[in-house]
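In order, the protein sequences belong to chains A and B.
This note's numbering numbers the first residue of the first sequence as 9 and each following residue consecutively.
This note's numbering numbers the first residue of the second sequence as -1 and each following residue consecutively.
Note that CB positions come from ideal geometry on N, CA and C, so glycine has one too.
For reference, the structure discussed in these notes is given below.
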Amino acid sequence: MIKKILLDKVHIECIRHFGVYRREGGYRSVEKALKMTPDEVLEEVKKSGLRGRGGAGFPTGLKWSFLAKPDGVPRHLVCNADESEPGTFKDRYLMEFIPHLLIEGMVTSSYALGSNVSYIYIRGEYDWVCDILEEAIAEAKQNGFVGKNILGSGFDCEVYMHRGAGAYICGEETALLESLEGKRGLPRIKPPFPAVKGVWDRPTVVNNVETIAAVVPIINDGGDEFAKIGVGKSTGTKLISACGNLNKPGVYEIDMNLSVEEFIFSDEYCGGIPNGKRLKACIPGGSSVPILPANLLLKTAKGETRLMNYESLSDGGFLTGSMMGSGGFIVLDEDQCVVRHTLSLARFYHHESCGQCSPCREGTGWLHKILTKLETGKGEMSDIDLLWDVQRRIEGNTICPLGDAAAWPVAAAIRHFRDEFEWHVTNREECLTRNFGLAHYADPIEVGV
Amino acid sequence: MSEDQNLIKVTIDGITVDVPEGTTILNAARQIGPEVAPPAMCYYSKLEGSGGKCRTCLVEVAEGSTKDPRPMPKLVASCRTNVMDEWW
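Below is the structure:
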């Protein structure tokens, strides 16, 4: 059993309320941080090696140090709670059950960055979570941890909630800032980066909910203590939201030294695949990362055990690896059809593409159309190559990473499951009546380099 | 890199040209000639803030400058990227 640092108090009754949270040692990090200088707080975060939990895994301390600090211009911290990635629900869990952890992290981080007005941009669908957070902010304000002159230190910090209106693209940081300003959520062309010109042209840092929450244990126990957990450059614990064909889906806080096999099959975590089915494939980090077949998921191409961390999951690049992403762990058993699965992702990205730049607007539509054709038994062999060609022209050519996110799952599905796409072409009748694909991927296959 | 304060030397497809600071890659390429300039659809020089959307003018920047520490080579929209980028 690993030591939990984010969800250690989540089981305590009424932890949602300020009184209980405070009694259990909450808001200690604010008290501690206010006695330090902002640079010392930043130094602790740098020492911890904390990496952004939103998907890209960019070191948080480095991101904070890029923040421009011109005189007389206010700076802002924006918390990205627009968790719209299919398969990811870790932030919702954290915000719903232990909202004060996020507020505490917001105040501490705001102090380090010198932000007097901070925002939590939450997705519109999380309506009830937004109410919980607003209540938590009001409670913290009554007790003097948010607002003017926090604990008599002279530091002001207001935290505001902002509800999104249900667009996936608003999870991209510059689109989020546009939406926060009240405009249409279209990603901006970078540079200038948000650290220089963010919301209302002011320097802004955008961080994920889990990243900001992780600042609390870093300040409480020190950055070195945090860096001891985990392995290599993947320090600390990570929240994983497991779903799909699992006995015990849910949110788990894991040490990043855990192997993927143990995570799926041990009773402490997901408890294996239901009905004695075999593991076929898995998307280890939310819908936008490449899918991996079972043989490559449990072992890397070099034959090492794959661990649940940034480096190990991306071992082998996109040829034989995937990405940590945002921690949405989607497991498919032997009865699931990869083509159908890819179609449902392509449909999602087609719908959510903002339509600003051409490769993504047109390309996602094409991916959706071709995959629909294949899935409904009208496909040709040439469609598979066409699909490959279309995804290749999206990746890397777009303003924001949504284009990449739409292209990668399709590319990986064709790369690892080409037989299944071909089976859909050769067995047109069967793929209409039978709603699942080929099971043979679940058989153990020897991995060659 | 620059000899004059305001002039910057840039090399596009092996042809070197001097352009004033703040010129976009597209305009620098257009100074050389149509055989070098990438196609551009959504960029209209008289309309401020246009460009960067259609992605037909993507060019590969082979070598970055000291002012732009991003890893190169990288595909950028030439109509919205200044030669020798000062932003970061």
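Interface flag, residue i vs chain A, CB-CB below 8 Å
i, result
"Glu1 (chain B)", "Unreliable positioning characterises Glu1 (chain B) in this predicted model, as indicated by a pLDDT of 41, which lies under 50. The coordinate reading is nonetheless provided below. For Glu1 (chain B), the answer is no, since every Cβ of chain A falls outside 8 Å of its Cβ."
"Leu45 (chain B)", "no"
"Arg53 (chain B)", "yes"
"Gly50 (chain B)", "yes"
"Ala38 (chain B)", "no"
"Ala60 (chain B)", "no"
"Arg28 (chain B)", "no"
"Leu24 (chain B)", "no"
"Leu73 (chain B)", "yes"
"Asp16 (chain B)", "no"
"Trp85 (chain B)", "For Trp85 (chain B), the predicted structure reports a pLDDT of 38, less than 50, and the residue's modelled location is therefore unreliable. A value from the coordinates is still provided. Answer yes: the Cβ-Cβ gap between Trp85 (chain B) and chain A drops below 8 Å somewhere."
Buried versus exposed call for residue i [16 or more other C-beta atoms within 10 Å across all chains shown]
i, result
"Pro71 (chain B)", "exposed"
"Lys386 (chain A)", "exposed"
"Met39 (chain B)", "exposed"
"Gly49 (chain B)", "buried"
"Gln399 (chain A)", "buried"
"Asp263 (chain A)", "buried"
"Lys11 (chain A)", "exposed"
"Val432 (chain A)", "Before going further, note that residue 432 (chain A) is His rather than Val in the sequence given. Under this definition His432 (chain A) is a buried residue."
"Phe66 (chain A)", "exposed"
"His108 (chain A)", "buried"
"Asn157 (chain A)", "exposed"
"Thr9 (chain B)", "exposed"
"Pro5 (chain A)", "Residue coverage of chain A in this structure runs from 9 to 457, which leaves residue 5 (chain A) outside it and unanswerable."
"Leu351 (chain A)", "buried"
"His19 (chain A)", "exposed"
"Ala420 (chain A)", "buried"
"Glu84 (chain B)", "Note that Glu84 (chain B) has pLDDT 41, beneath the 50 cutoff, so the model's placement of it is unreliable and no number is given."
Strand pairing of residue i, partner residues [DSSP]
i, result
"Leu56 (chain B)", "B:Ala75"
"Lys71 (chain A)", "According to DSSP, which records beta bridges pairwise, Lys71 (chain A) is partnered with nothing at all."
"Lys7 (chain B)", "B:Asp16"
"Pro292 (chain A)", "A:Gly294"
"Thr243 (chain A)", "A:Gly238"
"Tyr260 (chain A)", "A:Ile248"
"Cys165 (chain A)", "A:Gly155"
"Thr22 (chain B)", "B:Asn80"
"Lys149 (chain A)", "None, per the DSSP bridge assignment."
"Thr313 (chain A)", "A:Lys307"
Proximity test, Cβ basis, 8 Å: residue i and chain B
i, result
"Ile407 (chain A)", "yes"
"Ile197 (chain A)", "yes"
"Cys278 (chain A)", "no"
"Gln364 (chain A)", "yes"
"Pro211 (chain A)", "no"
"Pro367 (chain A)", "yes"
"Val457 (chain A)", "Note on Val457 (chain A): pLDDT 38, under 50, position unreliable in the model; no value is reported."
"Glu454 (chain A)", "For Glu454 (chain A), the predicted model reports a pLDDT of 48, less than 50, meaning its position is unreliable and no value from the coordinates is stated."
Residues of its chain near residue i, where Cβ-Cβ distance is below 6 Å and the 5 sequence neighbours each way are ignored
i, result
"Leu440 (chain A)", "Gly385"
"Glu180 (chain A)", "Pro195, Cys408"
"Asp412 (chain A)", "Glu403"
"Ser126 (chain A)", "Leu85, Met114, Ser118, Val167"
"Thr182 (chain A)", "Pro195, Arg196"
"Ile453 (chain A)", "The predicted model places Ile453 (chain A) with a pLDDT of 47, which falls under 50 and marks its position as unreliable, so this point remains unresolved."
"Val28 (chain A)", "Cys22"
"Glu39 (chain A)", "none"
"Glu58 (chain B)", "Pro71, Leu73"
"Phe425 (chain A)", "Val346"
Under 8 Å from the C-beta of residue i: neighbouring residues of chain C
i, result
"Leu56 (chain B)", "You won't find chain C in this structure, because its protein chains are A and B."
Sequence-distant residues of its chain with Cβ nearer than 7 Å to residue i (five each side left out)
i, result
"Ala76 (chain A)", "Ala203, Val204, Pro211"
"Val297 (chain A)", "Ile291, Ser330, Met331, Gly333, Trp416"
"Lys17 (chain A)", "Ile23, Glu32, Ile106"
"Arg171 (chain A)", "Ile130, Gly132, Cys138"
"His376 (chain A)", "Ala354, Arg355, His358"
"Glu388 (chain A)", "Val433"
"Arg53 (chain B)", "Ala75"
"Val15 (chain B)", "Val8, Ala26, Gln29, Ile30"
"Val455 (chain A)", "Bear in mind that the predicted position of Val455 (chain A) carries a pLDDT of just 45, short of 50, making it unreliable; the figure below should be weighed with that in mind. Asn303, Leu304, Lys307, Ala309, Gly311."
"Leu394 (chain A)", "Ile378"
Heavy atom of the ligand GTP within 7 Å of residue i beta-carbon
i, result
"Ser92 (chain A)", "By its list of ligands, the structure shown contains no ligand whatsoever, and the ligand GTP lies outside what it can speak to."
Touch test, the stretch 46 to 59 of chain A against the stretch 171 to 191 of chain A, Cβ-Cβ under 8 Å, three pairs minimum | By the criterion of at least three beta-carbon pairs nearer than 8 Å, the stretch 46 to 59 of chain A is not in contact with the stretch 171 to 191 of chain A.
Cβ contact check for the stretch 276 to 290 of chain A and the stretch 249 to 258 of chain A: 3 or more pairs under 8 Å | Three or more Cβ pairs closer than 8 Å define a contact, and the stretch 276 to 290 of chain A meets that threshold against the stretch 249 to 258 of chain A.
Take every Cβ of the stretch 80 to 91 of chain A, pair it with every Cβ of the stretch 223 to 231 of chain A, and state whether three or more of those distances are shorter than 8 Å.
-> These segments do not touch.
Give a yes or no on contact between the stretch 231 to 250 of chain A and the stretch 59 to 67 of chain A, applying the rule of three or more CB pairs nearer than 8 Å.
-> Flag = yes, the stretch 231 to 250 of chain A and the stretch 59 to 67 of chain A touch.
contact_flag[the stretch 111 to 126 of chain A, the stretch 147 to 166 of chain A] where n(CB pairs < 8 Å) is 3 or more = By the criterion of at least three beta-carbon pairs nearer than 8 Å, the stretch 111 to 126 of chain A is in contact with the stretch 147 to 166 of chain A.
Are the stretch 267 to 277 of chain A and the stretch 311 to 323 of chain A touching by the rule of at least three beta carbon pairs closer than 8 Å?
-> Output reads yes: the stretch 311 to 323 of chain A touches the stretch 267 to 277 of chain A.
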